[in-house]
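Trainee: Numbering (the numbering used here), first residue to last: 388 to 600. Take a look at this one; I'll ask things after.
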Ligand SMILES: Cc1cc2nc3c(=O)[nH]c(=O)nc-3n(C[C@H](O)[C@H](O)[C@H](O)COP(=O)(O)O)c2cc1C
């Protein structure tokens, strides 16, 4: 394979600015404002976020989709027996990261992850397209499977058994909410002098500061 010089892939960041003074004092409101921009200007998967978990001091990351957010936290849905779920069981500390390259923006959020209640999980599960619900039921996420065909067979079998009826949410599938105690909003700037505004949760409320790029 021809070796491309990765060093040539560089660009300037000139799409906006972020000051401690013009950032919202409430990080959830600041997130909401940037999410609105992302929904408008990011064409593909604006709600995709990198979820990092850790177990036995070893981090692991993967993308999940943000499905809801408010001051209680950031909600995503997955398999409760997956690798990420087992890691969350061992250590509830996790981080999520959004990268919106169309806007030269990155947001890092850290906190503690908890399962959502079953009503939230049921509601979201039932809102998913029919075939996605079936896939969630038949896929033992993160387990080894001997061949692809086994998944397709299990999918077809489950569909036949259901005869068009709605499936119940399996107990091994549902939501998590990340309760944030740390945010960093990153806005790319010229000459690599990027803006970084951090919010840390303290007893008296959110403390906001600028940090160096
Ligand atoms: C764009 C995108 C969106 C994804 N959304 C989800 C999601 O919302 N929930 C989920 O469980 N996996 C989602 N995945 C798959 C995960 O990245 C991952 O493969 C899966 O959750 C298993 O991760 P684990 O083995 O670390 O538990 C998504 C992947 C991509 C690329």
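Idealized CB from N, CA, C, for every residue including glycine. Note that this is a predicted model, so its numbers are computed, not measured.
What's the C-alpha gap between residue 504 and residue 590?
Mentor: Taking the chain shown and counting its residues from 1, one reaches residue 504 at position 117. Taking the chain shown and counting its residues from 1, one reaches residue 590 at position 203. Whole-angstrom Cα-Cα distance: 26 Å.
Trainee: Is residue 430 near ligand 1, with its Cβ less than 7 Å from a heavy atom?
Mentor: Translated into positions along the chain shown, residue 430 becomes position 43. Not under cutoff, so the answer is no.
Trainee: What are the boundary residues of the alpha helix (DSSP H) that includes residue 414?
Mentor: Working through the chain shown from its first residue, we reach residue 414 at position 27. Element bounds for residue 414: 414-428.
Trainee: Of the choices 411, 488, 580, whose alpha-carbon is the least far from that of residue 432?
Mentor: Your numbering for residue 432 matches position 45 in the chain shown. Among 411, 488, 580, the Cα nearest to that of residue 432 is on 488.
Trainee: Is residue 513 near ligand 1, judged by its Cβ being under 7 Å from some heavy atom?
Mentor: For the purposes of this step, residue 513 is identified with residue 126 of the chain shown, where counting begins at 1. Residue 513 Cβ: outside cutoff for every heavy atom of ligand 1.
Trainee: Residues with a Cβ closer than 7 Å to any heavy atom of ligand 1, in chain order?
Mentor: 432, 435, 447, 449, 450, 451, 452, 463, 464, 465, 466, 469, 470, 471, 472, 528, 529
Trainee: Starting from residue 449 and walking both ways along the beta strand (DSSP E), at which residues does that stretch end?
Mentor: Position 62 of the chain shown, counted from the first residue, corresponds to residue 449. Segment 445-452, the beta strand (DSSP E) holding residue 449.
Trainee: Report the residue from 541, 519, 424, 414 whose alpha carbon sits nearest the alpha carbon of residue 560.
Mentor: Taking the chain shown and counting its residues from 1, the one referred to as residue 560 is at position 173. The shortest Cα separation from residue 560 among 541, 519, 424, 414 belongs to 519.
Trainee: As a quick exercise: from 553, 541, 423, 417, pick the residue whose alpha carbon is nearest that of residue 586.
Mentor: Sequence index remark: in the chain shown, residue 586 carries index 199 (1-based). With distances taken between Cα atoms, residue 586 lies closest to 417.
Trainee: With burial defined as no fewer than 16 other Cβ atoms inside 10 Å of the residue's Cβ, what is the status of residue 500: buried or exposed?
Mentor: Locating residue 500 in the chain shown gives position 113, counting from the first residue. That one is buried.
Trainee: Could you check if residue 363 is buried or exposed, using at least 16 other CB atoms within 10 Å of its CB as the buried criterion?
Mentor: Given that the chain is displayed from residue 388 to residue 600, the structure contains no residue 363 and the question cannot be resolved.
Trainee: So what does DSSP say about residue 540, is it helix, strand or coil?
Mentor: The residue labelled residue 540 in the question sits at position 153 within the chain shown. If DSSP states are grouped into helix, strand and coil, residue 540 belongs with the helices.
Trainee: Less than 8 Å separating the beta-carbons of residue 512 and residue 556?
Mentor: Mapped onto the chain shown, residue 512 falls at position 125. Mapped onto the chain shown, residue 556 falls at position 169. Contact flag set, yes.
Trainee: Determine the burial state of residue 492: buried for a count of at least 16 other Cβ atoms within 10 Å of its Cβ, exposed for fewer.
Mentor: Here the question's residue 492 lines up with position 105 in the chain shown. Classification of residue 492: buried, given that the 10 Å Cβ count is 16 or more.
Trainee: Taking C-alpha atoms, which residue in 549, 490, 425, 395 lies nearest to residue 401?
Mentor: The count along the chain shown starts at 1 and reaches residue 401 at position 14. Taking only the C-alpha atoms, the option nearest residue 401 is 490.
Trainee: Here's the rule: buried if 16 or more other CB atoms are within 10 angstroms of the residue's CB, otherwise exposed. What is residue 548?
Mentor: As a first step, residue 548 is located in the chain shown; it is residue number 161 there, counting from the start. Taking all protein chains in view, the Cβ of residue 548 is surrounded by fewer than 16 other Cβ atoms within 10 Å, so the residue is classified as exposed.
Trainee: Thinking C-beta only, is residue 447 closer than 8 Å to residue 474?
Mentor: Position 87 of the chain shown, counting from 1, holds the residue named residue 474. Position 60 of the chain shown, counting from 1, holds the residue named residue 447. Yes, Cβ-Cβ distance for residue 474 and residue 447 is below 8 Å.
Trainee: List the residues that DSSP assigns as beta-bridge partners of residue 466.
Mentor: Here residue 466 refers to the residue found at position 79 of the chain shown. DSSP output for residue 466 lists 560 as bridge partner(s).
Trainee: Identify the continuous beta strand (DSSP E) that holds residue 456 and give its terminal residues.
Mentor: For the purposes of this step, residue 456 is taken as the residue at position 69 of the chain shown. Where residue 456 is concerned, the enclosing beta strand (DSSP E) stretches over 455-457.
Trainee: Taking the straight line between their C-alpha atoms, what separation do you get for residue 584 and residue 541?
Mentor: If you number the chain shown from 1, residue 584 lands on position 197. If you number the chain shown from 1, residue 541 lands on position 154. If you draw a straight line from the Cα of residue 584 to the Cα of residue 541, it comes to about 48 Å.
Trainee: Give me the Cα-Cα distance between residue 497 and residue 550, rounded to the nearest whole angstrom.
Mentor: Reading the chain shown from its first residue, position 110 is the one you call residue 497. Reading the chain shown from its first residue, position 163 is the one you call residue 550. Each residue's Cα considered, the two are about 43 Å apart.
Trainee: Quick check on residue 399 - is its C-beta less than 8 Å from some C-beta in chain C?
Mentor: The question asks about chain C, but that chain is absent: this structure has only one protein chain.
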